[in-house]
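Under this note's numbering, think of the first position of the sequence shown as 609, with each following residue one higher.
The beta-carbon is built from N, C-alpha and C at its ideal position, and this holds for glycine as well.
These figures come from a predicted structure and were not determined experimentally.
Working notes, structure below.
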Amino acid sequence: MEYKKRKEEMVEILKREKYIKTENVRKAFLSVERENFVPENYKKFAYVDYPLPIGGGQTISAPSMIATMLEVAELKWGVRVLEIGSGSGYNAALIAEIVGDKNIITIERIGRIAEFAEKNLINSGHKVKVVCRDGSFGFEEEAPYDRIIATAAVPQIPPPWEEQVKENGIIVAPVGSKFFQYLVRAEKKNGKTKEKKICPCVFVPMVGEYGFRE
Ligand code: SAH
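This is the structure:
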């Protein structure tokens, strides 16, 4: 079966199972080819709802998990997003489809993976800025952001993220231990972030100052 058909089927299922709730997120999934973000030998599994290895012990998250995060983040055109944990660049491409290429910056700690993300984003026609450094500090240079979306697990929401998100802005991140977390939505109101647990999840750990030790 060709990729396009598999992609459309996957989106249908994600919608039916209510992971995809909005037209914005549905259109983004239809516009980005996941096969272009996974290593050659995993391309045939591109539209299976499963995390896939991208090298260096890291993974591209399962589509249902990504859909959940994108819905929780309440994205729309023009919203400024900082993504932490570029990985393959797939999630950054989906976000770029919704908010516009200029409105998303993605940060990756591992140089080789940052290059992989950058290459994949260029090949898929997305002009997204990829920064290589410890994203647990956020990215002060271009703060504040409307949304901060982390795709690696943190023990708690790092204070720099709370500072760098705007009033009424939202942080979406897996918060918990190295091996098990809850997806958390934290909204900033009157200068303080209020956290809400969304669902259990398992992400690779964020390694860094406000993350975990290697
Ligand atoms: N969003 C990605 C999947 C991310 S996997 C995708 O769509 O494919 C998590 C990524 O977070 C890994 O690539 C890992 O290297 C990166 N990471 C871990 N700690 C980090 C840190 N402190 N700063 C930035 N990236 C980090």
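- VAL687 places its beta carbon 8 Å or farther from that of ARG793.
- For ALA760, the shortest separation between its Cβ and any heavy atom of ligand 1 lies below 7 Å.
- Around the CB of GLY665, fewer than 16 other CB atoms lie within 10 Å, so the residue is classed as exposed.
- Secondary structure of PHE788 (DSSP, three-state): coil.
- Annotation: the continuous alpha helix (DSSP H) that includes VAL680 extends over 671-680.
- Taking C-beta atoms under 8 Å as the contact rule, ALA751 and GLN772 qualify, at a distance of about 4 Å.
- Here DSSP, grouped into helix, strand and coil, assigns PHE820 to strand.
- For GLN772, there is no enclosing beta strand (DSSP E); the residue is found in the alpha helix (DSSP H) stretching over 767-772.
- Going by DSSP, ARG755 is part of the beta strand (DSSP E) stretching over 753-758.
- Secondary structure at ASN798: coil, using DSSP grouped into helix, strand and coil.
- Burial check for GLU691: the Cβ neighbour count within 10 Å reaches 16 or more, so the residue is buried.
- The Cβ atoms of THR676 and CYS807 lie closer than 8 Å to each other.
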